[in-house]
Structures are given as structure tokens and as C-alpha cells.
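Asks:
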Amino acid sequence: MTVPDVNPATLPQAEFAQVVKRSSAGDLRRLMTGEQRRAVLDEVFVRMPGVFRADRAGSANAVLHWKVGDRPDGGADTYELVIADRTCTLSPGPDRTPTLELSIGAVDFLKMVTGNASPIALFMLGKMKAKGDIAFTARVPNLFDVPKA
């Protein structure tokens with residue numbers, strides 16, 4: 001299966017991670033600037049509460065905004081996750097003030113959420129930027145079980 005054939009809603013996470021791993025950056029860029037962008041992002045974010053690690057959340061209460069760039073019009077799509085009382089929920093829209101806002105390019109985001117790129121390396125290389133509670137940034141990767149490709 002190749003990136004153009006990907007329907008993220010029908011693929012198990014591990015299989016989707018393998019497709020991303022086998023795909024070139026150009027193929028991933030085409031996916032994330034094409035007609036399937038919204039479906040891919042929506043599916044990734046819909047699945048996030050299911051891979052949330054409540055046992056690692058402790059007393060964390062935060063509103064997390066993910067700004068995924070490289071939209072064809074030059075903009076970014078923003079998704080809001082609310083972490084409270086050891087749960088994670090996806091908001092229908094970003095309407096709260098974020099505790100932390102993470103900005104990242106679409107290809108790097110896709111690689112990161114499929115276990116094909118390290119969030120720490122992306123942050124250190126300036127490919128992911130944080131605004132707000134910077135200390136919480138270090139906790140975010142440990143709050144989710146990322147598939148291993």
C-alpha cells in the first residue's frame with residue numbers, strides 16, 4: 001500500500017505507521033497538501049484520546065492546540081485537545097485559550113505521530129515550535145502511546 005492509497009480511517013495505527021515509514025517525504029507532502037489532508041488529520045486526532053495514557057497524566061490539566069502547517073493555502077489547521085481529570089478529549093473546534101500551542105509542518109507531524117520521528121529531535125531542530133507552558137511541552141510525548149513503525 002502506498003500513500004495515495006491510504007485511507008487512515010480503515011487502517012490500524014501500526015499499519016498506517018508502516019506506510020508512513022516506507023513513503024518518501026515527497027509522497028507524504030503530496031498527501032498532506034492534497035484532498036486527503038483533512039481526512040488524515042481528522043483521523044489522527046480522533047484516535048488521540050484512545051492512545052492517551054491516563055496513568056501518566058497525574059494532575060495535568062491543560063488545553064493543547066496543535067497547529068499543523070503546510071496547508072495548500074499556506075495556512076495551518078488547528079486541533080484542540082483538552083487534558084483534565086486524567087482524560088483527553090478532542091474538542092469540536094479550537095475555542096479555548098491554550099495552555100500550550102505546538103506548531104509543526106504536516107510531514108513532520110505525520111512522521112512524529114506514527115513513531116517515525118522523535119518529538120524531542122523535531123523540537124531541538126526547530127521543526128516544532130512551542131508557545132505557552134514550555135515545561136508542559138516535555139510531558140506531552142509521554143502522555144500518548146505512539147505506534148512503533
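Just so we're aligned, residue 1 is where the sequence shown starts under the UniProt record's numbering, counting upward by one.
All residues carry an ideal CB built from backbone N, CA and C; glycine is no exception.
All values derive from a computational prediction rather than experimental measurement.
#1: Do Met128 and Ile104 have their C-beta atoms within less than 8 angstroms of each other?
#2: How many angstroms separate the CA atom of Asn142 from the CA atom of Ala130?
#3: Check whether the region 54 to 72 touches the region 29 to 42, taking contact to mean three or more Cβ pairs, one atom from each stretch, closer than 8 angstroms.
#4: Taking the beta carbon of Pro98 as the centre, do at least 16 other beta carbons fall within 10 Å, making it buried, or is it exposed?
#5: Measure the Cβ-Cβ separation of Phe52 and Phe144 and say whether it is below 8 angstroms.
#6: Fully enclosed by the UniProt domain "SCP2" (56 to 145), which beta strand (DSSP E) runs are 3 residues long or longer?
#7: Which term fits Ala57, buried or exposed, when burial requires 16 or more other beta carbons within 10 angstroms of its beta carbon?
Replies: A quick look at the data gives this:
#1: Residue mapping note: residue 128 aligns to position 128 of the sequence shown, counting from 1. Residue mapping note: residue 104 aligns to position 104 of the sequence shown, counting from 1. The Cβ-Cβ distance between Met128 and Ile104 falls below 8 angstroms.
#2: As a working note, residue 142 is residue 142 in the sequence shown. As a working note, residue 130 is residue 130 in the sequence shown. Using only the alpha carbons, I get a separation of about 16 angstroms.
#3: Touching, yes, given that three or more Cβ pairs across the two stretches are closer than 8 angstroms.
#4: As a working mapping, residue 98 is identified with position 98 in the sequence shown. Per the 10 Å Cβ criterion, buried.
#5: As a working mapping, residue 52 is identified with position 52 in the sequence shown. As a working mapping, residue 144 is identified with position 144 in the sequence shown. It is a contact, given that the beta carbons lie within the stated cut-off.
#6: If only uninterrupted beta strand (DSSP E) runs of at least 3 residues are considered, those enclosed by the UniProt domain "SCP2" (56 to 145) are 62 to 68, 77 to 84, 87 to 90, 100 to 104, 128 to 132.
#7: In the sequence shown, residue 57 corresponds to position 57, counting from 1. Using a 10 angstroms sphere on the CB of Ala57, the tally of other CB atoms reaches 16 or more, which defines it as buried.
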